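Note that the protein sequences, when read in sequence, are chains A and B. Residue numbers are given in the numbering used here: position 69 of the first sequence equals residue 69, and the series is strictly consecutive. Residue numbers are given in the numbering used here: position 14 of the second sequence equals residue 14, and the series is strictly consecutive. The C-beta atom is built at its ideal place from N, Cα and C for all residues, glycine as well. Predicted, not measured: the structure shown is a model, and the values here were computed from it. One structure is given below, encoded as structure tokens.
Number of protein chains: 2
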Amino acid sequence: MHVKNIDDIESEVLESGSGVSRQMLIGPEEGPNFAMRKLVIEPGGGIPAHTSGAEHEQYVLGGTARVGIGDQVYEVGKGDVVFIPAGEPHWYEAYGEESFELLSVVPNSDNKMVFVK
Amino acid sequence: MHVKNIDDIESEVLESGSGVSRQMLIGPEEGPNFAMRKLVIEPGGGIPAHTSGAEHEQYVLGGTARVGIGDQVYEVGKGDVVFIPAGEPHWYEAYGEESFELLSVVPNSDNKMVFVK
Numbered sequence: 001m002h003v004k005n006i007d008d009i010e011s012e013v014l015e016s017g018s019g020v021s022r023q024m025l026i027g028p029e030e031g032p033n034f035a036m037r038k039l040v041i042e043p044g045g046g047i048p049a050h051t052s053g054a055e056h057e058q059y060v061l062g063g064t065a066r067v068g069i070g071d072q073v074y075e076v077g078k079g080d081v082v083f084i085p086a087g088e089p090h091w092y093e094a095y096g097e098e099s100f101e102l103l104s105v106v107p108n109s110d111n112k113m114v115f116v117k
Numbered sequence: 001m002h003v004k005n006i007d008d009i010e011s012e013v014l015e016s017g018s019g020v021s022r023q024m025l026i027g028p029e030e031g032p033n034f035a036m037r038k039l040v041i042e043p044g045g046g047i048p049a050h051t052s053g054a055e056h057e058q059y060v061l062g063g064t065a066r067v068g069i070g071d072q073v074y075e076v077g078k079g080d081v082v083f084i085p086a087g088e089p090h091w092y093e094a095y096g097e098e099s100f101e102l103l104s105v106v107p108n109s110d111n112k113m114v115f116v117k
């Protein structure tokens, strides 16, 4: 399929997070090399620290969050570009009034989430 | 660099288009597998038909455009997700009042634009 609207794409609750839903905009069965996903995190929600074998390239569409990457913490909002290197522990905590909305692109290979104890 | 804001990223005019500028949000020297770019096309501007050896995964941030992919023409706007298969001729024409704003993710390999006569 060449074109679809985001409002027509199913949203699934991400069980590993709190107040997090995910839409697969272009999944691994469509894109041969990488997947494009949208994450929405409600204020107060988040995703605990985890690693992935693959890098993430992300763009913040709206809302605000703290993002931990390695031992750094960043406050991010609309228009911020986030790069998470492969293997780097990272986490998200949304805050503020609006839901945090993030586009996240990841290679199809080796992108399993592994939670950090 | 883990985080940067889009307003701090240089914008370059895309000579192969008309009224088109491009920002390299995460370039091939930063992302090992794929690059994330933002394209802005002024109303009335566009990019003529071309092919690329690599697929494009795209998300429309704002504005409206006609996008030709193969022998299909689509009218797209905010929230539309666009997939352009490798090797498929494609073009853009922005219309309406606002600039057309597009995130476009492409593999680092084999993504040279070849214009269709």
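- In this structure, B:Val76 is the residue among B:Ser21, B:Gly70, B:Val76, B:His2 with its C-alpha nearest to the C-alpha of B:Tyr95.
- Those residues of the region 30 to 59 of chain A placed with their C-beta closer than 9 Å to a C-beta in chain B are Glu30, Gly31, Pro32, Asn33, Phe34, Ala35, Met36, Lys38, Ala54, Glu55, Glu57, Gln58, Tyr59, ordered along the chain.
- When 9 Å is used as the limit between beta carbons, A:Gly79 is near these residues of chain B: Asn5, Ile6, Asp7, in chain order.
- For A:Val73, the uninterrupted beta strand (DSSP E) run begins and ends at 72 to 76, by DSSP.
- A straight-line Cα-Cα distance of about 42 Å links B:Lys112 and A:Glu97.
- Fewer than three beta-carbon pairs drawn from the region 14 to 24 of chain B and the region 67 to 76 of chain A are found closer than 8 Å, and the two stretches are therefore not classed as touching.
- Residues of chain B whose Cβ lies closer than 8 Å to the Cβ of A:Met1 are, in chain order, Phe83.
- Nearest CB-CB separation between A:Tyr95 and chain B: not below the 8 Å threshold.
- For A:Pro107, the residues of chain B that pass the 7 Å Cβ criterion are Asn33, in the order they occur in the chain.
- With respect to B:Ile26, A:Phe100 sits apart: the two C-beta atoms are not nearer than 8 Å.
- Within chain B, the residues His2, Val3 have their CB atoms less than 8 Å from the CB of A:Tyr74, given in chain order.
- With a contact defined as Cβ atoms closer than 8 Å, A:Glu57 and A:Val105 qualify at about 5 Å.
- At a cut-off of 8 Å between beta carbons, A:Leu103 contacts chain B.
- At a cut-off of 8 Å between beta carbons, A:Leu25 contacts chain B.
- Check the Cα spacing between B:Gly44 and each of B:Leu103, B:Asp110, B:Pro107, B:Tyr92: the tightest is with B:Tyr92.
- The beta-carbon separation of A:Thr51 and A:Val3, rounded to 34 Å, does not stay under the 8 Å limit for a contact.
- Taking C-beta separations shorter than 7 Å and ignoring five residues to either side along the sequence, the partners of B:Arg37 in its chain run Arg22, Gln23, Met24, Leu25, Ser104, following chain order.
- DSSP places B:Ile26 in the strand class (E or B) of the three-state scheme.
- When DSSP states are grouped into helix, strand and coil, B:Ile6 belongs to the helix group.
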